[in-house]
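Here the structure is laid out as structure tokens; the discussion comes afterwards.
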Amino acid sequence: MRQTGWPGLRARLFHLLFLLRRPMTLGVRGLVHDRASNSVFLIRHTYVPGWQLPGGGVEVGETLLEALARELAEEGNITIAAAPVLKSVHFNRRSSRRDHVGFYLIESFKQTAPKAPDHEIAEAGFFPLDRLPEATTPATLRRIAEIFAKAEISPYW
Numbered sequence: 001m002r003q004t005g006w007p008g009l010r011a012r013l014f015h016l017l018f019l020l021r022r023p024m025t026l027g028v029r030g031l032v033h034d035r036a037s038n039s040v041f042l043i044r045h046t047y048v049p050g051w052q053l054p055g056g057g058v059e060v061g062e063t064l065l066e067a068l069a070r071e072l073a074e075e076g077n078i079t080i081a082a083a084p085v086l087k088s089v090h091f092n093r094r095s096s097r098r099d100h101v102g103f104y105l106i107e108s109f110k111q112t113a114p115k116a117p118d119h120e121i122a123e124a125g126f127f128p129l130d131r132l133p134e135a136t137t138p139a140t141l142r143r144i145a146e147i148f149a150k151a152e153i154s155p156y157w
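FYI, full-length UniProt numbering numbers position 111 of the sequence shown as 111, with every residue one higher than the one before it.
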């Protein structure tokens with residue numbers, strides 16, 4: 001039930017003050033795994049080095065799953081075909097002191113066409129787990145090890 005009058009206004013003002021004083025950012029990343037070829041989808045951005053998992057920030061009014069679906073479509077022409085599995089949530093202290101990332105495993109998907117390079121994505125593609133690109137980022141390698149090598153899940157991205 002929504003509060004009205006001074007108590008409701010007061011609660012909204014305190015919430016706004018909290019957001020201004022303690023903003024938190026939230027992102028998503030997806031590990032798209034093609035079981036048939038035992039490969040994973042990675043991207044290389046035009047503005048940061050290394051190969052990494054697709055993903056990005058959760059926009060205002062968007063759920064994590066909506067953000068994941070949007071990012072996979074934008075960065076890989078990939079559509080989620082069945083519910084992805086939230087595997088872990090990580091503190092991304094390299095990005096900021098208030099950034100967190102939801103990490104999903106996607107094993108049911110469709111790719112309409114290979115992702116062509118654009119202003120954001122320099123390269124993208126599926127890579128066999130035993131032949132990942134040399135410049136795969138440490139965070140990406142940790143997430144892959146957590147899923148496929150049953151490595152301990154780190155609280156940090």
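Quick reminder that beta carbons are idealized off the backbone N, C-alpha and C, glycines included.
Since we're looking at a predicted model, the values are computed, not measured.
For V58, I'd like the list of residues in its chain whose CB is within less than 7 Å of its CB, leaving aside the five on either flank, ordered along the chain. L26, G27, V28, L64 and A67
Give a yes or no on whether the C-beta atoms belonging to G30 and E71 are separated by under 9 Å. yes
Who are the near neighbours of A151 in its chain, counting only those whose CB is closer than 8 Å to its CB and skipping five residues on each side? R142 and A145
May I ask you to check if the CB of W157 is nearer than 8 Å to at least one heavy atom of the ligand GTP? The model depicted lacks the ligand GTP and carries no ligand whatsoever.
Can you give me the Cβ contacts of W51 inside the same chain, cut-off strictly under 6 Å, excluding the 5 residues immediately before and after it? L42, R44, P133, A135 and T136
With three or more C-beta pairs closer than 8 Å as the rule, is the segment 106 to 123 touching the segment 74 to 89? yes
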